[in-house]
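If you read the sequences in order, they're chains E and Y. In this text, residue positions in the first sequence follow the numbering used here: the first is 32, and each later residue adds one. In this text, residue positions in the second sequence follow the numbering used here: the first is 10, and each later residue adds one.
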Amino acid sequence: MSVSVRIPTILRTYTGGASEVKAEGATLSALIADLEANHAGIGDRILDDTGKLRRFVNVYVNDDDVRFADGLGTATPDGAVVSIIPAVAGGC
Amino acid sequence: MRREGLAIMAVTAVAPVAPVAPTTDQPFGPAVALSCRECGARSPLAPDFACTECFGPLEVAYELPVGDPEALRARIEAGPTNIWRYAPLLPVPVDVAEHPGLNPGWTKLVKADNLARELGVTGGLYVKDDSGNPTHSFKDRVVAIAVEAARTFGFTTLSCSSTGNLAGAVGAAAARTGLRSCVFIPHDLEQGKVVMAAVYGGELIGIEGNYDDVNRFCSELIGDPAGEGWGFVNVNLRPYYGEGSKTLAYEICEQLGWRLPDQIVIPIASGSQLTKIDKGLKELIALGLVEDKPYKIFGAQAEGCSPVSTAFKAGHDVVRPQKPNTIAKSLAIGNPADGPYVLDICRRTGGAVEDVDDEQVVDAIKLLARTEGIFAETAGGVTVGVLRKLIKNGLLDPAAETVILNTGDGLKTLDAVEPTTGLSATIRPTLDSFREAGLA
Chain E
32 MSVSVRIPTI LRTYTGGASE VKAEGATLSA LIADLEANHA GIGDRILDDT
82 GKLRRFVNVY VNDDDVRFAD GLGTATPDGA VVSIIPAVAG GC
Chain Y
10 MRREGLAIMA VTAVAPVAPV APTTDQPFGP AVALSCRECG ARSPLAPDFA
60 CTECFGPLEV AYELPVGDPE ALRARIEAGP TNIWRYAPLL PVPVDVAEHP
110 GLNPGWTKLV KADNLARELG VTGGLYVKDD SGNPTHSFKD RVVAIAVEAA
160 RTFGFTTLSC SSTGNLAGAV GAAAARTGLR SCVFIPHDLE QGKVVMAAVY
210 GGELIGIEGN YDDVNRFCSE LIGDPAGEGW GFVNVNLRPY YGEGSKTLAY
260 EICEQLGWRL PDQIVIPIAS GSQLTKIDKG LKELIALGLV EDKPYKIFGA
310 QAEGCSPVST AFKAGHDVVR PQKPNTIAKS LAIGNPADGP YVLDICRRTG
360 GAVEDVDDEQ VVDAIKLLAR TEGIFAETAG GVTVGVLRKL IKNGLLDPAA
410 ETVILNTGDG LKTLDAVEPT TGLSATIRPT LDSFREAGLA
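1. Can you tell me whether asparagine 93 (chain E) is buried or exposed, with buried defined as 16 or more other CB within 10 angstroms of its CB?
2. How many Å lie between leucine 15 (chain Y) and arginine 98 (chain E) at the Cα?
3. Label alanine 176 (chain Y) either buried or exposed according to how many other C-beta atoms from any shown protein chain fall within 10 Å of its C-beta, with 16 as the threshold for buried.
4. Would you say alanine 9 (chain Y) reaches chain E, if we count a Cβ-Cβ gap shorter than 7 Å as a contact?
5. Counting only Cβ-Cβ distances shorter than 7 Å, please list the residues of the region 412 to 430 of chain Y near chain E, keeping chain order.
6. Please confirm whether alanine 19 (chain Y) has its beta-carbon closer than 7 Å to some beta-carbon of chain E.
7. Take leucine 340 (chain Y) and list the residues in its own chain whose beta-carbon comes closer than 7 Å to its own, dropping the five residues that flank it on each side.
8. Taking C-beta to C-beta, are histidine 70 (chain E) and tyrosine 45 (chain E) nearer than 7 Å?
9. May I ask you to report which of helix, strand or coil DSSP gives alanine 55 (chain Y)?
10. Just to make sure I have the definition right: I need the residues of chain Y whose C-beta is within less than 8 Å of the C-beta of proline 108 (chain E). Which are they?
11. Strictly under 7 Å for the Cβ-Cβ distance: is isoleucine 63 (chain E) near chain Y by that measure?
12. Closer than 7 Å, CB to CB, is threonine 61 (chain Y) near chain E or not?
13. When the Cα atoms are used, what is the spatial distance from threonine 335 (chain Y) to glycine 343 (chain Y)?
14. Let me see if you follow: with CB-CB separation under 7 Å, is valine 34 (chain E) close to chain Y or not?
15. So, does the CB of serine 228 (chain Y) fall closer than 7 Å to a CB anywhere in chain E?
16. Quick check on isoleucine 73 (chain E) - is its C-beta less than 7 Å from some C-beta in chain Y?
17. What residues from chain E crowd round valine 371 (chain Y), counting only those whose CB sits closer than 8 Å?
18. How would you call leucine 213 (chain Y), buried or exposed, if buried means at least 16 neighbouring beta carbons within 10 angstroms?
19. Could you check the C-alpha separation between glutamate 237 (chain Y) and cysteine 169 (chain Y) for me, to the nearest Å?
20. Within 10 Å of its beta-carbon, does valine 75 (chain Y) have 16 or more other beta-carbons around it, so buried, or fewer, so exposed?
21. Aspartate 77 (chain Y): which of Y:Gln200, Y:Leu293 and Y:Asp347 sits nearest, CA to CA?
22. Exposed or buried, alanine 19 (chain Y), counting other C-beta atoms within 10 Å across all chains shown (16 or more means buried)?
23. Are the C-beta of glycine 104 (chain E) and some C-beta of chain Y separated by less than 7 Å?
24. Inspect the beta-carbon positions of isoleucine 400 (chain Y) and leucine 128 (chain Y) and report whether they are closer than 7 Å.
25. In this structure, how does DSSP classify threonine 358 (chain Y) when only helix, strand and coil are distinguished?
26. DSSP three-state call for serine 114 (chain E): helix, strand or coil?
27. Can you name the start and end residues of the beta strand (DSSP E) that glutamate 51 (chain E) belongs to?
Written as structure tokens, this is what we have:
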């Protein structure tokens, strides 16, 4: 169950500068736990104190915003591409 | 294959233009840092937009010229008749007015007595008509600030994700200032906006998706080597860019004779404009330029893209994204970045967020046109429609002085009104025909 995770610039200090890393987990929740195991500290940047996605983080599994799917329970199948993106962009 | 890949290949083949060097040692004027709206963490002034601690939005923090409001007022009033009269309150160098640019702002504040009579507003009603800007929308204000930041950071390409108006504003500003532009829009925008963005000669790229897809693409591009050296006005330059909307607040109050209005109705796309108008009003109070008194801020959305209105009515403090489906495409942001702050501000000030359907939007465009001679784009229709609905619902006080924003020109969204607007009659060129048509 290997998934590619695209890392935004502001989290690359946790991945040694890598813009994309591999992680494992059948759901987004499990995937973030795996990310944290391999890149200590990254989980707290993505999740708030209550374990929910921070409100200014958008996460996409392939092309789907997980907030339109099952949130942290969204399936992350083998070969999926997960993108973590700051939500504060755009508009005016 | 998606079009954006081709677009990137095309734009990287163009030679960059040399940036204009900063002209002072304080290129950001009174700005001193970036500050996270969520956790308050401060960071140096840089092309950053999200907090490294919590992903929260970064905004510009200032050391503003407090202490002598009369002198500041006089300095502003002696300034140019554009947004640079407020340079002492913006993240720009003191000599900004001498730089090449579109010099937007100082648009008309129209006293809308006819519309007021029609809607039963007795406390005074004004339309801040930002269709009078160089590219016919308020976006020229925010882009002007972003251009100054791009210049300082040494960016050679100006870019953005856009629902149309911003694309034109970026294209025009880049043309005037000698920067390259490459902007991204949903592929199915109104034809008027496509033409008005493309005519300035920069690259205009249609993305197969809605605005939120475009925005996501730009956010990813900025973290990729392909986006190196690019200033995305509403992504990595967003903290600076957003400050341009403060000038709407400054102008409204100055044009009222340095007074706060009682109520303001503002359209919501990302919500940034509404939050920055509130920031501008608070600054004017803090600087002693206006009397400190309560004001109410109301947000306006189209029903087909109403995530903030829905959250407001439900009592939520988070905004659940929606898939937009409305003719008001300049407001069709289903995942509005500043939505939570809009909720905070409207609740704090005693305002509200409301929405109207597309039929009401068109009707409101025509209402504003026939009462005040102002042809608004669909966003303006949303605002007028929401004003009418707020009065009807008893949420907005018709006896209080009210300002509404028209943020763009109706010529950009002709499609919206075309089906219900046209010739009254077609006659032969004779007086008999004229009389027969009942026109005498």
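Just so it is clear, CB atoms sit at the ideal spot from N, CA and C, and this is done for glycine as well.
With the given structure in hand:
1. Sequence index remark: in the first sequence, residue 93 (chain E) carries index 62 (1-based). By the 10 Å Cβ count, asparagine 93 (chain E) comes out exposed.
2. Locating residue 15 (chain Y) in the second sequence gives position 6, where the first residue counts as 1. Locating residue 98 (chain E) in the first sequence gives position 67, where the first residue counts as 1. Note that leucine 15 (chain Y) scores a pLDDT of 27, beneath 50, so its modelled location is shaky; the value from the coordinates is reported in the next line. When rounded, the separation of the alpha-carbon atoms in leucine 15 (chain Y) and arginine 98 (chain E) is 30 Å.
3. Against the second sequence, residue 176 (chain Y) aligns to sequence position 167. The residue in question, alanine 176 (chain Y), is buried, as its Cβ has 16 or more Cβ neighbours within 10 Å.
4. An answer regarding residue 9 (chain Y) cannot be provided, because it is not within the stretch 10 to 449 covered by chain Y.
5. Cβ contacts with chain E come from no residue of the region 412 to 430 of chain Y.
6. Stepping through the second sequence from its first residue, residue 19 (chain Y) is reached at position 10. Interpretation of alanine 19 (chain Y) is limited by its pLDDT of 30, a score under 50 that renders its predicted location unreliable; the figure taken from the coordinates is listed afterwards. It does not: the Cβ of alanine 19 (chain Y) has no partner Cβ on chain E nearer than 7 Å.
7. On the second sequence, residue 340 (chain Y) is found 331 positions in, with the first residue counted as 1. So the list reads Pro276, Ile277, Ala278, Gln310, Ala311, Cys314, Ala388 and Val391, once near-sequence residues are dropped.
8. Along the first sequence, one-based indexing puts residue 70 (chain E) at 39. Along the first sequence, one-based indexing puts residue 45 (chain E) at 14. The answer is yes: Cβ separation under 7 Å.
9. As a first step, residue 55 (chain Y) must be located in the second sequence, where it is residue number 46. Residue state, collapsed to three classes: coil.
10. Residue numbering aside, residue 108 (chain E) sits at position 77 when the first sequence is read from its first letter. Result: empty, since nearest Cβ-Cβ is about 20 Å, beyond 8 Å.
11. Taking the first residue of the first sequence as 1, we reach residue 63 (chain E) at position 32. Chain Y contact via Cβ: absent.
12. As a working mapping, residue 61 (chain Y) is identified with position 52 in the second sequence. Threonine 61 (chain Y) counts as touching chain E.
13. Here residue 335 (chain Y) is taken as the residue at index 326 of the second sequence, counted from 1. Here residue 343 (chain Y) is taken as the residue at index 334 of the second sequence, counted from 1. Cα-Cα distance, rounded: 11 Å.
14. Here residue 34 (chain E) refers to the residue found at position 3 of the first sequence. Residue-level contact check: valine 34 (chain E) does not touch chain Y, since none of the beta carbons of chain Y fall below 7 Å from its beta carbon.
15. Position 219 of the second sequence holds residue 228 (chain Y). So yes, serine 228 (chain Y) belongs to the interface.
16. Along the first sequence, read from residue 1 onward, the residue named residue 73 (chain E) stands at position 42. Not closer than 7 Å to any Cβ of chain Y, the Cβ of isoleucine 73 (chain E) fails to qualify, so no.
17. For the purposes of this step, residue 371 (chain Y) is taken as the residue at position 362 of the second sequence. Result: empty, since nearest Cβ-Cβ is about 23 Å, beyond 8 Å.
18. Position 204 of the second sequence holds residue 213 (chain Y). Buried, because 16 or more other Cβ atoms sit within 10 Å of the Cβ of leucine 213 (chain Y).
19. Your numbering for residue 237 (chain Y) matches position 228 in the second sequence. Your numbering for residue 169 (chain Y) matches position 160 in the second sequence. One Cα belongs to glutamate 237 (chain Y), the other to cysteine 169 (chain Y), and the distance between them is close to 14 Å.
20. The residue you call residue 75 (chain Y) lines up with position 66 of the second sequence. Using a 10 angstroms sphere on the CB of valine 75 (chain Y), the tally of other CB atoms stays under 16, which defines it as exposed.
21. The residue labelled residue 77 (chain Y) in the question sits at position 68 within the second sequence. Relative to aspartate 77 (chain Y), the option among Y:Gln200, Y:Leu293 and Y:Asp347 whose CA is nearest is Y:Leu293.
22. Within the second sequence, residue 19 (chain Y) is the residue found at index 10, counting from 1. Low confidence applies to alanine 19 (chain Y): its pLDDT is 30, below 50, so where it sits in the model is not reliable, and the reading given next is rough at best. Answer is exposed; the Cβ neighbour count stays below 16.
23. In the first sequence, the residue the question calls residue 104 (chain E) occupies position 73. For glycine 104 (chain E), no Cβ of chain Y is located within less than 7 Å of the residue's own Cβ.
24. Taking the first residue of the second sequence as 1, we reach residue 400 (chain Y) at position 391. Taking the first residue of the second sequence as 1, we reach residue 128 (chain Y) at position 119. Going by C-beta atoms, isoleucine 400 (chain Y) is nearer than 7 Å to leucine 128 (chain Y).
25. Here residue 358 (chain Y) corresponds to residue number 349 of the second sequence, with the count starting at 1. Three-state result, threonine 358 (chain Y): helix.
26. For the purposes of this step, residue 114 (chain E) is identified with residue 83 of the first sequence, where counting begins at 1. Strand at serine 114 (chain E).
27. Looking up residue 51 (chain E) in the first sequence gives position 20. Annotation: the continuous beta strand (DSSP E) that includes glutamate 51 (chain E) extends over 51 to 55.
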